[in-house]
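Peer 1: Below you'll find the structure I mean.
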Ligand SMILES: Cc1cc2nc3c(=O)[nH]c(=O)nc-3n(C[C@H](O)[C@H](O)[C@H](O)COP(=O)(O)OP(=O)(O)OC[C@H]3O[C@@H](n4cnc5c(N)ncnc54)[C@H](O)[C@@H]3O)c2cc1C
């Protein structure tokens, strides 16, 4: 780890203690996305973490993204999810795939926090089977595009209860078919485009309630050709490459959840007494703590090793970006569950934090690819490349 990574971790930790932890419980209760706190992350340089310095970013790497996601998630995974949608799914996607002119126009307001970004891939009828998307972009007589369709579950798709849309949506849409396979293209959708609006804010989520999840609607939405990212039909590469950093970031979020849960259960087990002894004297409680710690550390080593090997511009790390999320998501959920168990009745109420982490942890087995999708991808990749096992 270089000096800049050590400094980054410390500054995010300080920021979390001062700005994020105090409001975490309230944001969860109110299902509230806190734009003000989010914008302060822009001042700290976090919103454009991997974007180039020339466009207002911090020019950092995959290891930095893991550090930031682990630290934010140890306090407020819901807010961290909104951060991930902005910084990895929107900003990093633009930084890696967009033209210089697009970077010049979109990155500065996204990196500063003036704009909130999102990414739209999932739809009401397709998630895992994303290439079967129905959202379609058709060229008009002037060479611009008309988009029709619906996107579902979009984090930062709306930024408040009034259904104000996010400022910039990195949108995937079908533009045709070649040899029986869908051709996917990407469009930068701006708030205010005619025919683009929020269908619904999705309320009543189990967890991740400090982020807003929305359905987005495109009804004859006119998009200028200059807002298409890359060539028409070549976005499968963008999507696959970005899914790698997304999954790594989500795995790091599980690390944050596990670390905080272990911290809470260790302290509680030392203080709380039963039958005249501290809970930490009981073998079953020791097993919860020790198993959690060792599983967290093993997952952490895998996440940090994968981050060190990840080149944000290359996109060849799918087996391990699926791998880290496959092991970390259930680990985070399991560890939060053990923490609740160690705290007994107190673990079941919000004040003691772990019940929120437990609810947030579940999303990481679903969002950004389900654990079944990771199993399918890893098994498929390894059967095609058996030499990767020993690489
Ligand atoms: C809070 C939240 C935030 C989200 N944010 C975003 C976002 O910002 N942008 C975005 O585009 N999406 C987002 N999503 C969507 C998320 O990525 C999808 O929910 C996820 O990919 C799963 O898709 P699905 O819900 O349609 O489930 P489905 O794909 O319908 O899957 C249902 C079940 O079937 C299983 N299944 C499906 N196919 C197979 C198969 N081939 N083999 C075995 N099992 C299979 C799945 O694993 C799962 O268990 C978000 C979701 C949530 C809940």
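Residue numbers (the numbering used here): -4 to 386.
Cβ atoms here follow ideal geometry from the backbone N, Cα and C, with glycine treated the same way.
Given a cut-off of 8 Å on the beta-carbon distance, is the pair residue 202 and residue 354 in contact?
Peer 2: The answer is yes: Cβ separation under 8 Å.
Peer 1: For residue 343, which residues of its own chain have a beta-carbon under 7 Å away from its beta-carbon, when the five flanking residues on both sides are left out?
Peer 2: Taken in chain order, the residues that qualify are 335, 350.
Peer 1: If you count every other CB in all the chains shown that lies within 10 Å of the CB of residue 266, and 16 or more means buried, which is it?
Peer 2: When all chains shown are included, residue 266 counts as exposed.
Peer 1: Can you find a heavy atom of ligand 1 that lies under 7 Å from the Cβ of residue 364?
Peer 2: Residue 364 Cβ: within cutoff of ligand 1.
Peer 1: Let me know if residue 259 comes out buried or exposed under the rule of 16 or more other beta-carbons within 10 Å of its beta-carbon.
Peer 2: So residue 259 counts as buried.
Peer 1: Here's the rule I'm using: 16 or more other beta-carbon atoms within 10 Å means buried, otherwise exposed. How should residue 81 be labelled?
Peer 2: It is buried - the Cβ of residue 81 has at least 16 other Cβ atoms within 10 Å.
Peer 1: Can you give me the C-alpha to C-alpha distance between residue 379 and residue 204, rounded to a whole angstrom?
Peer 2: Their backbone Cα atoms lie some 40 Å apart in a straight line.
Peer 1: Looking at residue 355 and ligand 1, is the gap between the Cβ and the nearest heavy atom below 7 Å?
Peer 2: No.
Peer 1: Leaving out five residues before and five after residue 274 in sequence, what residues of the same chain have Cβ atoms less than 6 Å from its Cβ?
Peer 2: Counting only Cβ-Cβ distances below 6 Å, and skipping sequence neighbours, we find 264, 267, 280.
Peer 1: Since residue 213 is in the alpha helix (DSSP H), which residue starts that stretch and which ends it?
Peer 2: Here residue 213 belongs to no alpha helix (DSSP H); instead the beta strand (DSSP E) covers 208 to 218.
Peer 1: As an exercise, report each continuous alpha helix (DSSP H) stretch of at least 4 residues that is fully enclosed by the region 61 to 89, in chain order.
Peer 2: For the region 61 to 89, whole alpha helix (DSSP H) runs of length 4 or above, ordered along the chain, are 72 to 79.
Peer 1: Flag this pair as yes or no: are the beta carbons of residue 238 and residue 115 separated by less than 8 Å?
Peer 2: It is not a contact, given that the beta carbons lie outside the stated cut-off.
Peer 1: Hey, residue 117 and residue 147: beta-carbon distance below 8 Å or not?
Peer 2: Yes, Cβ-Cβ distance for residue 117 and residue 147 is below 8 Å.
Peer 1: What's the C-alpha gap between residue 133 and residue 188?
Peer 2: Each residue's alpha carbon lies about 16 Å from the other.
Peer 1: According to DSSP, is residue 387 helix, strand or coil?
Peer 2: Outside the shown range of the chain, which is -4 to 386, sits residue 387, and nothing can be said about it.
Peer 1: So what does DSSP say about residue 309, is it helix, strand or coil?
Peer 2: Residue 309 falls in the coil class under three-state DSSP.
Peer 1: For residue 105 versus residue 121, is the C-beta distance shorter than 8 Å?
Peer 2: For residue 105 and residue 121, no; Cβs fall outside 8 Å.
Peer 1: Please confirm whether any heavy atom of ligand 1 lies closer than 7 Å to the CB of residue 445.
Peer 2: The displayed coordinates of the chain run from -4 to 386. Any statement about residue 445 would go beyond what the structure contains.
Peer 1: What does residue 150 pair with, by DSSP beta-bridge criteria?
Peer 2: For residue 150, which the question treats as bridged, DSSP gives the partners 208.
Peer 1: Can you tell which of 212, 244, 173, 152 has the C-alpha that lies nearest to the C-alpha of residue 229?
Peer 2: Comparing Cα-Cα distances from residue 229 to each of 212, 244, 173, 152, the minimum goes to 173.
Peer 1: Closer than 7 Å: is that where the CB of residue 436 sits relative to any heavy atom of ligand 1?
Peer 2: In the structure as shown, the chain starts at -4 and stops at 386, and residue 436 therefore has no counterpart that could be examined.
Peer 1: Give the secondary structure of residue 119 by DSSP, where H, G and I count as helix, E and B as strand, and everything else as coil.
Peer 2: Three-state DSSP puts residue 119 in coil, outside helix and strand.
Peer 1: Assuming residue 242 contacts residue 91 under a Cβ cut-off of 8 Å, what Cβ separation, rounded to an integer in Å, is found between them?
Peer 2: Not confirmed; about 15 Å, so no contact.
Peer 1: According to the neighbour-count rule (16 or more other Cβ atoms, all chains shown, within 10 Å of its Cβ), is residue 199 buried or exposed?
Peer 2: Burial call: exposed.
Peer 1: At what residue ranges does the region 287 to 360 contain a whole run of the alpha helix (DSSP H), taking only runs of 4 or more?
Peer 2: Counting only runs of 4 or more, we get 313 to 338, 349 to 358.
Peer 1: Looking at the structure shown, is residue 192 part of a helix, part of a strand, or coil, going by DSSP?
Peer 2: Reduced to three states, the DSSP call for residue 192 is strand.
Peer 1: Under three-state DSSP, which class holds residue 94?
Peer 2: DSSP places residue 94 in coil when its eight states are reduced to three.
Peer 1: Among 33, 59, 14, 43, which one has its Cα closest to the Cα of residue -2?
Peer 2: That would be 59, whose Cα lies nearest to the Cα of residue -2.
Peer 1: Please list the terminal residues of the continuous beta strand (DSSP E) segment that includes residue 164.
Peer 2: 163 to 173 is the extent of the beta strand (DSSP E) around residue 164.
Peer 1: Can you grab the Cα-Cα spacing for the pair residue 391 / residue 294, in whole Å?
Peer 2: Summary: the structure shown does not reach residue 391, with the chain confined to residues -4 through 386, and so no result is reported for it.
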